[in-house]
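**Q** Dropping a structure here in structure tokens format, bear with me for questions.
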Amino acid sequence: MELDKMDENDWKYHGEGNKSLVVSHVQLSRVLRLLKYPAEDSENPPQTAEQAFSQIQTIVDFSSNVMCSLLGDKFVHSGEVVKLPLEFVRQLSIKIQHHRPVWRCDKVMDIYSGCALCLPNLTSPLLHSPTRTPPLCIEIKPKCGFLPTSKHISKDIKTKVCRYCMHQHYKVSNGKWKRHSLYCPLDLFSGNRQRMHFAIRHLIEEPQNNFKVFKGGQCVYSSKEVSDESPDTNALLHHLRPYFLSTNNRVSSHMTSKSILNDFIQVLVNALLSGGGDGDEGQVTDRQGERRGFCQASHFNRERIRHG
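Structure below.
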């Protein structure tokens, strides 16, 4: 990627969160993650180019020095900070604006610093045969997976109900989401298959901004922001069916939607429990005993208590 020959037409809108926006290259397997700030600051950027560079470099350093040591180099892409031509960034901002969700437009893309984080686009692998079924990529934003124990926590409820579950009530009340998600991060992080299955199923039912499915680099399943409609799981099943029809070297055309969804969730659970080391490729680690504490708002926990 030649930074001095950047063309906004080579890039497309990929997605965004609260603090950054991502664009992907239409041919190369690369993404750029750019900072965002409140729209009212659009004429007067809240920080200098040097501060923006430092902010992104801090993300890279944290990934390299902390996350790599926790998860291993194999599972972490730290990326690199790049300095982009300002005219390219400005034209890119104009190009992608109409692709952004309306409710995200209270913030604007940083067009003044020219700083961005360059990363591999894991939703679009470079090497795959076009004659075979396109690769699937599952994006999960698990959120905070523990209850805080600090003595400085001011309210006792924060030590019993996880941050994600509390924010669900807040985000539904202010109209950001129409429905509560029954997903709880503590269930996903528990290492317990039943809890993890429960968590992923509810991520699928209410993906919000935490669950997406990409096929051949294209997003085929995600949330419908501020919509009264529930996500179309039938559309997801349509995309998944070709991947789960073959069982025991024979083709089964009679798999029910429920069985396909269960198989899909089971694949994700196995992947999350896999050690992934060089000597245990595909081996699933037994972590049934690693029971993480329950969030009091978890519906899995409520069912557990109700049924004894």
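Using this note's numbering, the first residue of the sequence shown is number 4, and each one after it goes up by one.
Beta carbons: idealized from backbone N, C-alpha and C, even for Gly.
In this text, all values refer to a predicted model and were calculated from it rather than measured experimentally.
What distance in whole Å lies between the Cβ atoms of leucine 191 and proline 145, which are believed to be in contact at a cut-off of 8 Å?
**A** Confirmed, Cβ separation roughly 5 Å.
**Q** In three-state terms, what does DSSP make of glutamine 197?
**A** Reduced to three states, the DSSP call for glutamine 197 is helix.
**Q** When you compare only the Cα positions, how much space is there between isoleucine 160 and cysteine 147?
**A** The alpha-carbon atoms of isoleucine 160 and cysteine 147 are separated by roughly 16 Å.
**Q** Going residue by residue through the stretch 63 to 99, where are the continuous beta strand (DSSP E) segments of at least 3 residues, counting only ones entirely within it?
**A** Whole beta strand (DSSP E) segments, 3+ residues: 83 to 86.
**Q** With DSSP collapsed to three states, give me the class of methionine 169.
**A** It is helical.
**Q** When DSSP builds the beta bridges, which residues end up paired with proline 123?
**A** Bridge partners of proline 123: Arg33.
**Q** With distances taken between CB atoms, is the gap from phenylalanine 303 to cysteine 187 smaller than 8 Å?
**A** Cβ atoms of phenylalanine 303 and cysteine 187: closer than 8 Å.
**Q** Please return the same chain residues whose Cβ sits closer than 7 Å to the Cβ of proline 123, not counting the five positions on each side in sequence.
**A** Cβ within range, chain order: Ser32, Arg33 and His80.
**Q** Confirm, please, whether the CB-CB distance from lysine 39 to serine 23 is below 8 Å.
**A** Contact: yes.
**Q** Considering only residues of the same chain and omitting the five flanking positions on each side of proline 48, which have a CB-CB separation below 6 Å?
**A** Tyr115, listed in sequence order.
**Q** In this structure, how does DSSP classify tryptophan 180 when only helix, strand and coil are distinguished?
**A** DSSP places tryptophan 180 in coil when its eight states are reduced to three.
**Q** Out of Thr236, Cys298, Phe214 and Ser260, state which residue places its alpha-carbon closest to the alpha-carbon of leucine 271.
**A** Ranking Thr236, Cys298, Phe214 and Ser260 by Cα distance to leucine 271 puts Phe214 first.
**Q** Beta-carbon within less than 6 Å of leucine 166's beta-carbon, same chain only, minus the 5 sequence neighbours each way: which residues are those?
**A** It is arginine, not leucine, that sits at residue 166 in the sequence shown. Cβ within range, chain order: Cys147.
**Q** Using C-beta distances below 8 Å, list every residue in its chain close to arginine 253, excluding the 5 sequence neighbours before and after it, in chain order.
**A** Residue confidence is low: arginine 253 scores 47 on pLDDT, short of 50, so the model does not pin down where it sits. No coordinate-derived value is stated.
**Q** Using 10 angstroms around the beta-carbon of tyrosine 224, count the other beta-carbons present and answer buried if the total reaches 16, otherwise exposed.
**A** Tyrosine 224 should be labelled buried.
**Q** With 16 other CB atoms within 10 Å as the buried threshold, where does threonine 61 fall?
**A** By the 10 Å Cβ count, threonine 61 comes out exposed.
**Q** I'd like the span of the beta strand (DSSP E) that includes phenylalanine 217, first residue to last.
**A** Counting along the chain, the beta strand (DSSP E) containing phenylalanine 217 begins and ends at 214 to 218.
**Q** I'd like to check one pair, leucine 248 with leucine 264: are the Cβ atoms closer than 8 Å?
**A** No. Outside cutoff.
**Q** Hey, would you say glutamine 221 sits closer than 8 Å to tryptophan 180, going by beta carbons?
**A** Taking 8 Å as the Cβ cut-off, glutamine 221 and tryptophan 180 do not qualify as a contacting pair.
**Q** Please tell me whether alanine 42 and lysine 110 are closer than 8 Å, where the distance is taken between their beta carbons.
**A** Yes, these two residues count as a Cβ contact at 8 Å.
**Q** Considering only residues of the same chain and omitting the five flanking positions on each side of glycine 117, which have a CB-CB separation below 6 Å?
**A** So the list reads Lys86, Leu87, Leu89 and Val92, once near-sequence residues are dropped.
**Q** Does isoleucine 268 come out as helix, strand or coil in the three-state DSSP assignment?
**A** Looking at isoleucine 268 - three-state DSSP - the assignment turns out to be helix.
**Q** Looking at C-alpha atoms only, which residue of Leu206, Met169, Gly18 and Leu185 is the closest neighbour of histidine 101?
**A** Of the listed residues, the one whose Cα sits closest to histidine 101 is Gly18.
**Q** Looking at the secondary structure, which residues open and close the beta strand (DSSP E) in which glutamate 142 lies?
**A** Note, glutamate 142: beta strand (DSSP E), 139 to 143.
**Q** Proline 128 to aspartate 44, Cα distance in whole Å?
**A** If you take the alpha carbons of proline 128 and aspartate 44, they lie about 37 Å apart.
**Q** Taking only the alpha-carbon atoms, compute the straight-line gap between alanine 300 and serine 184 and give it to the nearest angstrom.
**A** Cα-Cα distance, rounded: 11 Å.
**Q** Count the other CB atoms within 10 Å of the CB of glutamine 197; is the residue buried (16 or more) or exposed (fewer)?
**A** The residue is exposed, with fewer than 16 neighbouring Cβ atoms inside 10 Å.
**Q** Could you please give me the residues that DSSP links to glutamine 299 through a beta bridge?
**A** For glutamine 299, which the question treats as bridged, DSSP gives no partner whatsoever.
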